[in-house]
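Peer 1:
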Amino acid sequence: MRDAVIVEAVRTPIGKGKPNGFLAQVHPVELLAHTLRSLVERSGVDPALIDDVIGGTVDQVGEQAMNTTRYAALSAGFPETVPATTVDRQCGSSQQAVHFAAQGVLSGAYDIVVACGVESMSRVPMWSNVPPGKDPFGPGIAARYPDGLVPQGISAELIAAKWSLTREQMDAFAVTSHHRAAAAWEQGLFDAEVAPLDGVSRDESVRPGTTPEILAGLKPAYHDPVFAERFPQIEWNITAGNASPINDGASAVLITSSETAARLGLRPLARLHSFSVTGSDPVLMLTGVIPATDKVLRRANLSIDDIDLFEVNEAFASVVLAWGQETGADLAKVNVHGGAIALGHPLGASGTRLTTTLVHAMRERGARYALQTMCEAGGLANAMILEAV
246 MRDAVIVEAV
256 RTPIGKGKPN
266 GFLAQVHPVE
276 LLAHTLRSLV
286 ERSGVDPALI
296 DDVIGGTVDQ
306 VGEQAMNTTR
316 YAALSAGFPE
326 TVPATTVDRQ
336 CGSSQQAVHF
346 AAQGVLSGAY
356 DIVVACGVES
366 MSRVPMWSNV
376 PPGKDPFGPG
386 IAARYPDGLV
396 PQGISAELIA
406 AKWSLTREQM
416 DAFAVTSHHR
426 AAAAWEQGLF
436 DAEVAPLDGV
446 SRDESVRPGT
456 TPEILAGLKP
466 AYHDPVFAER
476 FPQIEWNITA
486 GNASPINDGA
496 SAVLITSSET
506 AARLGLRPLA
516 RLHSFSVTGS
526 DPVLMLTGVI
536 PATDKVLRRA
546 NLSIDDIDLF
556 EVNEAFASVV
566 LAWGQETGAD
576 LAKVNVHGGA
586 IALGHPLGAS
596 GTRLTTTLVH
606 AMRERGARYA
616 LQTMCEAGGL
626 ANAMILEAV
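In our numbering, the protein residues as written are 246 to 634.
1) Please report the Cβ distance between residue 483 and residue 563, rounded to the nearest whole angstrom; I am assuming they are in contact, meaning their Cβ atoms lie under 8 Å.
2) For the alpha helix (DSSP H) containing residue 290, list its first residue and its last residue.
3) Are there 16 or more other CB atoms within 10 angstroms of the CB of residue 546, so buried, or fewer, so exposed?
4) Locate the alpha helix (DSSP H) running through residue 458, then write down its first and last residues.
5) So what does residue 420 bridge to, in DSSP terms?
6) At which residues does the beta strand (DSSP E) containing residue 535 begin and terminate?
7) Who are the near neighbours of residue 612 in its chain, counting only those whose CB is closer than 8 Å to its CB and skipping five residues on each side?
8) My understanding is that residue 597 touches residue 471, with C-beta atoms under 8 Å, so please give their C-beta distance in whole angstroms.
9) Could you tell me which residues DSSP puts in a beta bridge with residue 253?
10) Report yes or no: do three or more beta-carbon pairs, one from the segment 483–493 and one from the segment 307–322, lie closer than 8 Å?
11) Only counting the same chain, and skipping five residues up and downstream in sequence, which positions put a Cβ closer than 6 Å to that of residue 567?
12) Which term fits residue 510, buried or exposed, when burial requires 16 or more other beta carbons within 10 angstroms of its beta carbon?
13) Between the beta-carbon of residue 273 and the beta-carbon of residue 302, is there less than 9 Å?
14) In three-state terms, what does DSSP make of residue 549?
15) Using the C-alpha atoms, what's the distance from residue 380 back to residue 434?
16) Where does residue 364 land, buried or exposed, given buried means 16+ other C-beta within 10 angstroms?
17) Is it buried or exposed for residue 473, if we count other Cβ within 10 angstroms and need 16 for buried?
18) Helix, strand or coil for residue 491 per DSSP?
19) Does the segment 614–628 come close enough to the segment 524–536 that 3 or more CB-CB pairs lie under 8 Å?
20) Give every residue of the same chain whose Cβ lies closer than 7 Å to the Cβ of residue 570, excluding the five residues on either side of it in the sequence, and list them in chain order.
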């Protein structure tokens, strides 16, 4: 029976998604091309052998339009015969690319495939793909949800209220994320996964000196009198400090079968064990990680206690803390090298960024099983389990 294994994983350093960010002058096609080029250089794989390149990008407009992944592969020097496609499952776009890539290998449709992602939020801001005055949802959604959908920040506030999460708890979680990321950099734990670019070698959003006292001084990020009237349970505790920032970055993983890896002399980093994807309430929106985790564990015939490491995307601290309450996972095993609150969240790149960090952390810590899950706009979530080989 065929399997699917990750044999290389790499990412750019993550820059602030602002005009003065470290990577703001790098075109998104070139951000992704850099990871693709680094991926084949580090693995030694002839790019002509790659059956497909599947990339995630959320705001597919402007400089991230026209199938960005295809042009990144060409810019990276891949042969013109190597195809590529770009997918959008919102924040989980490149994790979905991993699922598609691995499923292609498992089915026999691919022998060698790249899953990757990119987002340049400094050059292509969020919602750039929705022109002013345009409705991306349509009349059927308006009829089904007559009170209206809400922005993600409001969803994060609703989660905090539903799970009785305090400002202090969320700020403390954010501080831990920054301290773990800073410690990982100081200990050289990111060196194997980061491919420096244009003189940038470290993640720009990590703040080693962050404290609960500093975060306590930040104002609510999403307070809105209209939503305050609609949702009186909200206490307005989500801030820029306990939510992920906006960022630029790219990441990529190389996936093949154990048989092909052995034939080419490649060393597997981890086996792709099980997958799930779920839908959930599009108003709460970000809670899908809870059923997605349950679903993938059932498919793998494993329990939460069997998992040695977790990567749960830190879109907001409330999301991870609510997930922890519902699953019973040990938060000491979650995002052990810091998460998106510290490292950053370049939307389309985050899925394969989490995977890249996770496979390297598995090897460094001797983990057998690891689980990755991501919340996504519209009430979606992906989850997958990796196994050491």
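No residue lacks a Cβ here, since even glycine has one placed at the ideal position from N, Cα and C.
Peer 2: Well, looking at it:
1) Your numbering for residue 483 matches position 238 in the sequence shown. Your numbering for residue 563 matches position 318 in the sequence shown. Indeed, because the Cβ distance is near 7 Å, the residues count as touching under 8 Å.
2) Residue mapping note: residue 290 aligns to position 45 of the sequence shown, counting from 1. Unbroken run through residue 290: none, as it is neither H nor E.
3) Residue mapping note: residue 546 aligns to position 301 of the sequence shown, counting from 1. That one is exposed.
4) Taking the first residue of the sequence shown as position 1, residue 458 is located at position 213. Residues 457–461.
5) For the purposes of this step, residue 420 is taken as the residue at position 175 of the sequence shown. Answer by DSSP bridge pairing: none, since residue 420 is not bridged.
6) By 1-based counting over the sequence shown, the position of residue 535 is 290. Membership of residue 535 in any beta strand (DSSP E) is not indicated; the residue belongs instead to the alpha helix (DSSP H) covering 534–545.
7) Walking along the sequence shown from the start, residue 612 turns up at place 367. Cβ neighbours of residue 612 within its own chain (closer than 8 Å, five residues either side excluded): 553, 554, 606 and 633.
8) Here residue 597 is taken as the residue at index 352 of the sequence shown, counted from 1. Here residue 471 is taken as the residue at index 226 of the sequence shown, counted from 1. Between residue 471 and residue 597 the Cβ distance is about 37 Å, and since that is not below 8 Å, they are no contact.
9) Within the sequence shown, numbered from 1, the residue matching residue 253 stands at position 8. Note: residue 253 sits in a beta bridge opposite 499.
10) No: fewer than three Cβ pairs fall under 8 Å.
11) Residue 567 sits at position 322 when you count from the first residue of the sequence shown. Once the five neighbours on either side are set aside, the close Cβ partners of residue 567 are 404 and 408.
12) Residue numbering aside, residue 510 sits at position 265 when the sequence shown is read from its first letter. Under this definition residue 510 is an exposed residue.
13) If you number the sequence shown from 1, residue 273 lands on position 28. If you number the sequence shown from 1, residue 302 lands on position 57. Yes.
14) Walking along the sequence shown from the start, residue 549 turns up at place 304. Under the three-state reduction of DSSP, residue 549 is assigned to helix.
15) For the purposes of this step, residue 434 is taken as the residue at position 189 of the sequence shown. For the purposes of this step, residue 380 is taken as the residue at position 135 of the sequence shown. Taking the Cα positions, residue 434 is about 44 Å away from residue 380.
16) Position 119 of the sequence shown holds residue 364. Counting C-beta atoms within 10 angstroms of its own C-beta, residue 364 has 16 or more neighbours from the protein chains shown and is therefore classed as buried.
17) Residue numbering aside, residue 473 sits at position 228 when the sequence shown is read from its first letter. Classification of residue 473: exposed, given that the 10 Å Cβ count is below 16.
18) Position 246 of the sequence shown, counted from the first residue, corresponds to residue 491. Shown here, residue 491 sits in coil according to DSSP, grouped into three states, outside any helix or strand.
19) The segment 524–536, when compared against the segment 614–628, does touch it at the 8 Å Cβ threshold.
20) Walking along the sequence shown from the start, residue 570 turns up at place 325. Excluding sequence positions up to five before and after residue 570, its CB lies within less than 7 Å of the CB of 408, all in the same chain and listed in chain order.
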